[in-house]
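Residue numbers (UniProt numbering): 1 to 578.
Accompanying notes for the structure given below.
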């Protein structure tokens with residue numbers, strides 16, 4: 001979620017929420033300053049949930065904090081952003097094609113950092129939340145194929161399980177428990193908070209057919225791990241990765257310390273401090289030694305500052321992340337009017353956005369013409385070709401034609417709330433769109449907000465007519481499936497990644513079809529049909545592929561950028577500082 005998290009799902013698309021920031025940490029300790037055997041990463045958006053596996057908390061920022069804290073059998077990694085196995089956690093293999101069957105074995109020594117074994121109750125809670133069993137009682141960004149599997153058969157204490165699919169699923173490799181938004185969360189914590197006398201009693205309820213006993217547990221799973229200006233009780237946040245969270249200062253930093261109970265390769269650094277630094281301040285913070293690594297959305301000034309600095313290493317490259325505009329199909333002026341959405345598409349200043357914001361960093365950048373396939377992945381040109389007629393008509397800026405359409409619709413002066421996360425590049429982009437579309441005859445109310453991506457923010461609660469943000473994901477086609485699929489209910493927890501709540505039976509079938517084929521040529525053809533549908537119905541508007549810039553202190557080793565939703569932290573357990 002093609003990469004795109006939300007971003008997306010096997011590697012579900014996840015929201016690329018770059019922006020925000022907070023005050024500097026005034027504490028004069030080695031962790032906060034990045035001294036000693038500590039590596040400090042500067043991140044723009046504050047962390048807001050320990051449980052990234054819910055729909056509302058499915059963001060890049062949460063994923064970057066949690067990536068080395070809760071784990072699974074695979075993760076997106078290496079320089080290409082491809083899925084790689086995590087054999088520290090366990091092993092898995094496909095044992096049958098018909099029916100598709102995958103066997104998983106959790107490492108015998110795998111335990112949560114509080115000493116509780118990782119076993120059947122964790123497996124069953126993961127399966128329940130990701131299968132959509134009990135009608136979505138447990139929040140999830142998307143079911144990503146697990147809805148097609150039979151309930152795993154495991155007993156208390158067992159570490160092995162099998163997923164048997166009732167139909168083919170192309171991205172089965174990334175469907176099972178992984179990192180980030182597909183991770184296993186600690187079932188024993190949920191069991192206790194849900195009022196169960198023991199994990200075994202909780203397991204029995206998960207394996208039953210009555211959701212009522214699970215309501216209190218599900219409420220904790222969905223909301224109980226939110227970060228409300230203070231770190232939850234340590235007993236509620238055990239880790240299964242190489243790091244455990246040990247400290248948090250609201251709007252300033254979160255500290256990850258080596259997990260001494262981790263059974264795999266020990267983390268290289270004693271601790272990693274993730275410090276919340278607004279993007280315009282990140283280069284200066286890096287130069288001052290306040291942070292060791294940054295991965296901001298690049299601006300021209302930022303790229304020039306990094307190039308001129310000494311003692312830094314850096315890399316600029318395109319990422320799977322792409323910027324886009326979403327329409328609100330649940331409420332507002334665009335919900336029932338294709339013509340009005342087309343008129344808005346015609347006033348978007350596509351090339352101006354590229355020329356002003358992207359080309360100065362990546363000179364050969366172009367307008368992104370389709371959503372779900374990165375330019376370097378198979379099927380990109382086929383998707384563009386399938387959408388050619390609509391692209392030629394509505395995928396261009398034509399202020400005069402936009403105005404004409406508004407006049408024909410008697411819609412000149414239509415008010416439009418354009419929402420986005422507040423940061424410099426999106427502020428600039430929003431003002432450009434506002435100016436261009438106002439010229440066409442819309443009345444755009446541009447509303448950037450620091451809490452845009454929060455669980456109670458404008459995006460989750462649907463307080464927008466047009467939303468501008470990015471999806472960050474992976475090469476998986478399943479990664480963007482739930483972004484367009486009809487939702488059960490248009491609520492923060494019910495809509496998954498489909499923030500605009502678009503619904504179309506024909507598209508739902510195409511989304512099913514692309515998940516079922518393991519033949520690349522068929523997948524390319526179906527993806528092209530999906531893109532054509534999205535353009536013809538003006539579901540969303542792609543803008544540009546994100547350029548990524550990573551800069552780091554040359555004294556830090558093993559910093560390896562990659563284009564996936566995991567970002568720079570994909571191998572953070574190997575970072576060390578000389």
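All C-beta atoms in this analysis are idealised placements derived from N, C-alpha and C, irrespective of residue type, glycine included.
Using a Cβ-Cβ cut-off of 7 Å (strictly less than) and excluding sequence neighbours within five positions of residue 300, which residues of its own chain qualify?
Same-chain partners within the cutoff: 360 and 361.
Here's the rule: buried if 16 or more other CB atoms are within 10 angstroms of the residue's CB, otherwise exposed. What is residue 290?
It counts as buried.
Note down the Cα distance separating residue 246 from residue 189, rounded to an integer number of angstroms.
When rounded, the distance between both Cα atoms is 17 Å.
From the DSSP output, which residues share a beta bridge with residue 464?
DSSP lists no partner for residue 464.
Could you spell out the range, first to last residue, of the alpha helix (DSSP H) harbouring residue 584?
Residue numbering for the chain in the displayed model covers 1 to 578; residue 584 lies beyond these limits and cannot be assessed.
Could you check whether residue 358 and residue 177 sit closer than 8 Å to each other, using their CB atoms as the reference points?
In this structure, residue 358 does not lie closer than 8 Å to residue 177 by Cβ.
What number of angstroms, rounded off, separates the C-alpha of residue 373 from the C-alpha of residue 81?
Each residue's alpha carbon lies about 14 Å from the other.
Can you give me the Cβ contacts of residue 401 inside the same chain, cut-off strictly under 6 Å, excluding the 5 residues immediately before and after it?
For residue 401, where only same-chain residues beyond five positions count, the Cβ hits under 6 Å are 346.
Taking only the alpha-carbon atoms, compute the straight-line gap between residue 271 and residue 113 and give it to the nearest angstrom.
Those two C-alpha atoms are separated by around 15 Å.
Residue 137 to residue 215, Cα distance in whole Å?
Whole-angstrom Cα-Cα distance: 7 Å.
Could you compute how far the alpha carbon of residue 238 sits from the alpha carbon of residue 524?
Approximately 42 Å, taken between the alpha carbons.
Counting only runs that start and end within the segment 84-170, where is the alpha helix (DSSP H) found for 4 or more residues in a row?
You should have 120-131 and 133-136.
Secondary structure at residue 271, three-state DSSP: helix, strand or coil?
Correct three-state label for residue 271: strand.
Do you know whose CA, among 317, 555 and 399, lies nearest residue 562's CA?
Per the Cα distances, 317.
Just to confirm, are residue 458 and residue 470 a CB contact at a threshold of 8 Å?
No, these two residues do not count as a Cβ contact at 8 Å.
How should residue 499 be labelled, buried or exposed, when 16 other C-beta atoms within 10 angstroms of its C-beta is the threshold for buried?
Buried is the call here.
Where in the segment 398-469 do unbroken runs of the beta strand (DSSP E), each at least 3 residues long, occur, reported from the N-terminal end onward?
Listed in chain order, they are 415-421 and 443-449.
Using beta-carbon positions only, say whether residue 538 and residue 403 come within less than 8 Å of one another.
No, the Cβ-Cβ distance between residue 538 and residue 403 is not below 8 Å.
Using a Cβ-Cβ cutoff of less than 7 Å, which residues in the same chain neighbour residue 25 once the five nearest sequence positions on both sides are dropped?
Legend: pLDDT at residue 25 = 34, less than 50; position of this residue unreliable, value from coordinates given subsequently. Closer than 7 Å at the Cβ level, and outside the excluded window around residue 25, lie 32, 249, 252, 253 and 275.
Ignore the nearest five residues each way along the sequence and tell me which others in residue 200's own chain have a CB closer than 7 Å to its CB.
Here the set comprises 156.
Counting Cβ pairs, one atom from each stretch, are 3 or more of them under 8 Å apart for the segment 45-61 and the segment 220-238?
Verdict: yes, contact present.
By how many angstroms is the C-alpha of residue 262 removed from the C-alpha of residue 242?
The straight-line gap from Cα to Cα measures roughly 6 Å.
Bridge partners of residue 327, per DSSP?
Bridge partners of residue 327: 466.
State yes or no: is the C-beta of residue 542 within less than 8 Å of the C-beta of residue 322?
Their beta carbons are under 8 Å apart, which means residue 542 touches residue 322 by this criterion.
How many Å lie between residue 129 and residue 222 at the Cα?
In a straight line, the C-alpha of residue 129 is about 10 Å away from that of residue 222.
Take the Cβ of residue 288 as the centre, count every other Cβ of all protein chains shown within 10 Å, and call the residue buried at 16 or more, exposed below.
By the neighbour-count rule (16 or more Cβ atoms within 10 Å), residue 288 is not buried but exposed.
Can you tell me the Cβ-Cβ gap for residue 414 and residue 421, rounded? I've got them flagged as a contact below 8 Å.
Their Cβ separation, rounded to whole angstroms, is 24 Å, which puts residue 414 and residue 421 out of contact at 8 Å.
Residues in its own chain within less than 6 Å of residue 161 by CB, not counting five upstream and five downstream?
The answer, listed in chain order, is 104, 123, 152 and 154.
Starting from the C-beta of residue 170, find all residues in its chain whose C-beta is less than 8 Å away, skip the five residues before and the five after it, and write them out in chain order.
477, 478, 514, 515, 516, 517, 518 and 523, listed in sequence order.
Considering only the beta carbon of each residue, do residue 269 and residue 39 sit closer than 8 Å?
Yes, these two residues count as a Cβ contact at 8 Å.
Under the assumption that residue 463 contacts residue 419 (Cβ atoms under 8 Å), give the Cβ distance between them as a whole number of angstroms.
Right, the Cβ-Cβ distance comes to about 7 Å (below 8 Å), so this counts as a contact.
Would you kindly report the start and end of the unbroken alpha helix (DSSP H) that includes residue 39?
No alpha helix (DSSP H) holds residue 39; the beta strand (DSSP E) holding it covers 38-43.
Helix, strand or coil, according to DSSP, for residue 369 in the structure here?
Of the three classes helix, strand and coil, the one that applies to residue 369 here is coil, per DSSP.
For residue 164, which residues in the same chain have their Cβ closer than 7 Å to its Cβ, ignoring the five residues on either side in sequence?
Closer than 7 Å at the Cβ level, and outside the excluded window around residue 164, lie 99, 101, 149 and 150.
Specify, as a first and last residue, the run of the beta strand (DSSP E) that residue 346 falls within.
Where residue 346 is concerned, there is no enclosing beta strand (DSSP E), although the alpha helix (DSSP H) it sits in stretches over 338-347.
Classify residue 334 as helix, strand or coil using the three-state DSSP reduction.
Looking at residue 334 - three-state DSSP - the assignment turns out to be coil, as it is neither helix nor strand.
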